[in-house]
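Following my numbering, the numbering of the sequence shown begins with 54 at its first residue and continues without gaps.
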Amino acid sequence: MSSEIPVCRKYPWLFKTLECDSSSSSDDSCGCKICSEYLRQQSIMGCMNPFRDNNVTADDVTTLIGQGYQLASQDVLDIELNVHMDEIFKLYHQGVIVVYPSTLKLNNSYSLRHHQLIQDEYAKVNNGLLVSPWDLNDINQNIDVTQIIKHPEVGWIASLLSLNPSVCLEHIPQIKIDETGGGWDYSEMLGRSDPNLALNILRDNTSCVCILQVPRESRDNMCVCVLGISRNPRMSVDNIIDLLKINNCQRIIDNILRYSHPKVIIDCINRGIIDDTRSCMIWMNDRLTEEWKNELSKILGYEPSIYYGSKLDIFRDCWMELSDEEQDILIHHPRALEIIPFHELMEYNDDVIYEADLDLLLDVYDQLKTRHIVRVLERDDLTSEFIEQFLDPDVLMDIRSARMVHPDQLMHISEELSGHLLGILSTCRYLDLDRLHEYIDEEELPAIASRDDILNGLVDLSSTWTNPRLSYELIMELLDQGKITYGDLEEHWFDYVHSYDRSSEIVKFKGTFPELVDDETFNGAMEKIRASSLESILRFNDPITQPFNNHDACELIEPYYFKREDILSHNGLSMYVEGERLHRVMEGLPARFKVLLSLGHLKCVRNCFKPMTFSDRSIVKYSDIEIITV
């Protein structure tokens, strides 16, 4: 959403970083006003987006940082996507951000001139990966840790690597990161890392002061961190003892019973560390062989009617008659699809995509939606034989990632997807950075051109149909000028709609050329728009789309049907937002505003949107603004 004066410049106090002023604290919480306010915020909201505005300048960013604001990975992404390229170059030369061409190409101000500048800049450091159009964000989050360690020259981003399933705490000392790209998010890594290191991190962050030192996008609730460790399959008996000293709630114990090795569980039971032995979670443990099941049965004094390794034939016609706990075990069984229809099982357990045996997923392939296929391709037990049967070129056109598919096999399945294939390859765990030139011919990729480049004929129009800046408005302008014909649009329509998320463009084309957009494409676009964030909905509701919004707007954005002016008006909430829809507004409002609303300071929220001078007089007039200037 663009504004004449960006919010980070107009209301800088809203983005003040809260930092505890206590020098030390041995308690779980120091109890100071700042920490109390911070903890309240964390229980209510996510983070704000000060740079999601194309009027933000380099000075705005550096000014906010100078006031103590810490850039998060989302902030850097917002800058790359929204701030003008000339301002981004200023930030780059000041060392504020790292420039990734793969993301910048989505910026509306990106042009051939900027592309050449970036090529020249990275040629100085001879970094072929950064000069190329590969998506560095996706590569950071998916590539195997061995490649990350092998290639320190890339300048890896810690905040993104924290989301990479192959990167653990024990790898951190071996990884060279770019210091301007955010810090490590330990909370994302605890469940997959060495349990001893994870518990040390947890112990060091049990006080409020220490938690506040973690990068702001990583400050998860402590219970969530403990839950992550409790699912770690590598925990020893001593690890479990230490973990239960921190938190011994039932969810923690259930996770230990389900994910730890059976031998460790048996030792814990024999030593009295775990005494709740009636939980059904123990029988869902995927390492529970018949031998371990028999040993556990002797210790517990009862034989389960069903467990992870059971044969299910006897339950084929009577599974609904089982007890609730027995049904819980059954629906998580890897062969559950043999006796329960897929659509029915999904109602009870949507993790069946991860838990079912692969051969059974092949049997229900026709019932899988695109999102299911993407989740299947994240499983670490995939075989090349399964992928060959499971994946075909038509499916590849609809998916965005295939993390556990080997790049060589992906290219073998479809050799003609060019730019789209490049995006999928960027998400592959086993991408080899030394072989990037073998995976795809970069000369086949779409031209990098701005709106002006296209209109002025600086590029071959036949190469622009997968350009992210080729909007509905630009295409209509090209049609009006006679530079393309309707036949050209019809011929390249498939490439256009499948290269990027064009949902709002598709809807506009449906209104202008209804015969061009089939029902399936249109319904898919509508579904994506309905599922978008509140901010995306409001951005879609700009005046430029008003002709469409005048008819069918209510159906389109239900249940988010309220205008931007309704939210920003002095009268507060929209007339459409009442009862159960109130939480929709709360989810969409910026972080600090939600805190203020929860505290009853609605007037202050209204005032935050009013164009007033922030002065001593303003503070006196709007005394309730004090809460956001702590």
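Yeah, the Cβ is synthetic: ideal placement off N, Cα and C, and Gly gets one too.
In this text, all values refer to a predicted model and were calculated from it rather than measured experimentally.
Does DSSP classify residue i as helix, strand or coil?
| i | result |
| --- | --- |
| Val60 | helix |
| Ile326 | coil |
| Pro65 | helix |
| Trp209 | strand |
| Ile230 | strand |
| Gly281 | helix |
| Tyr163 | coil |
| Leu157 | helix |
| Ser515 | helix |
| Trp187 | coil |
| Asp572 | helix |
| Val405 | helix |
| Cys302 | coil |
| Asp370 | coil |
| Val560 | helix |
| Tyr122 | coil |
| Asp554 | coil |
| Gly244 | helix |
| Glu588 | Low local confidence applies: a pLDDT of 40 at Glu588 is under 50, so the model's placement there is unreliable, with the coordinate-based value given in what follows. Helix, per DSSP. |
| Met288 | coil |
| Phe566 | coil |
| Lys410 | Looking at the sequence shown, residue 410 is not Lys but Asp. Correct three-state label for Asp410: coil. |
| Asn107 | coil |
| Val136 | coil |
| His204 | coil |
| Gly148 | coil |
| Asn217 | coil |
| Gly577 | helix |
| Ile293 | helix |
| Asn249 | helix |
| His386 | coil |
| Asn102 | coil |
| Leu430 | coil |
Less than 8 Å between the C-beta atoms of residue i and residue j, yes or no?
| i | j | result |
| --- | --- | --- |
| Ser556 | Lys581 | yes |
| Arg428 | Arg456 | no |
| Glu391 | Leu365 | yes |
| Cys221 | Asp247 | yes |
| Lys59 | Asp113 | Before going on, a small fix: residue 59 reads as Pro here, not Lys. It is a contact, given that the beta carbons lie within the stated cut-off. |
| Ser363 | His385 | no |
| Phe443 | Tyr407 | no |
| Val446 | Ile477 | Looking at the sequence shown, residue 446 is not Val but Pro. Contact: no. |
| Leu413 | Val458 | no |
| Leu484 | Ile196 | yes |
| Leu334 | Ser313 | The identity of residue 334 in the sequence shown is Met, whereas the question assumes Leu. No; because the gap between Cβ atoms is not below 8 Å, this pair is not in contact. |
| Asp188 | Ser515 | no |
| Ser212 | Asp238 | yes |
| Asp487 | Thr519 | no |
| Asn300 | Asn249 | no |
| Gln120 | Pro65 | yes |
| Leu569 | Trp546 | yes |
Assuming residue i contacts residue j under a Cβ cut-off of 8 Å, what Cβ separation, rounded to an integer in Å, is found between them?
| i | j | result |
| --- | --- | --- |
| Ile228 | Trp209 | 6 Å |
| Asp252 | Asp295 | According to the sequence as given, residue 252 is Leu; it is not Asp. Their Cβ separation, rounded to whole angstroms, is 5 Å, which keeps Leu252 and Asp295 in contact under 8 Å. |
| His137 | Ser162 | 5 Å |
| Ile322 | Ile352 | 6 Å |
| Gln194 | Asn217 | 5 Å |
| Val149 | Thr115 | 6 Å |
| Ile359 | Leu341 | In fact, because the Cβ distance is near 11 Å, the residues do not count as touching under 8 Å. |
| Asn102 | Glu133 | Actually they are not in contact, since the Cβ atoms of Asn102 and Glu133 sit about 13 Å apart, beyond 8 Å. |
| Ser240 | Cys278 | 5 Å |
| Asn107 | Glu57 | So it is not a contact: roughly 11 Å between Cβ atoms. |
| Gly15 | Arg284 | No answer is possible for residue 15: it lies beyond the span of the chain, which begins at 54 and ends at 683. |
- Message: Is it the case that the stretch 515-533 contacts the stretch 483-493, given that we only count it when at least three CB pairs across the two stretches are under 8 Å?
- Response: no
- Query: Does the stretch 416-427 touch the stretch 452-463, meaning 3 or more C-beta pairs lie closer than 8 Å?
  - Reply: yes
- Within the stretch 433-493, note down every full beta strand (DSSP E) run reaching 3 residues or more, in order along the chain. none
- Pick out the complete alpha helix (DSSP H) segments inside the stretch 309-368, 4 residues or longer, and give them in chain order. 315-323 and 343-353
- Query: What are the complete alpha helix (DSSP H) segments, minimum 4 residues, inside the stretch 518-551?
  - Reply: 525-533
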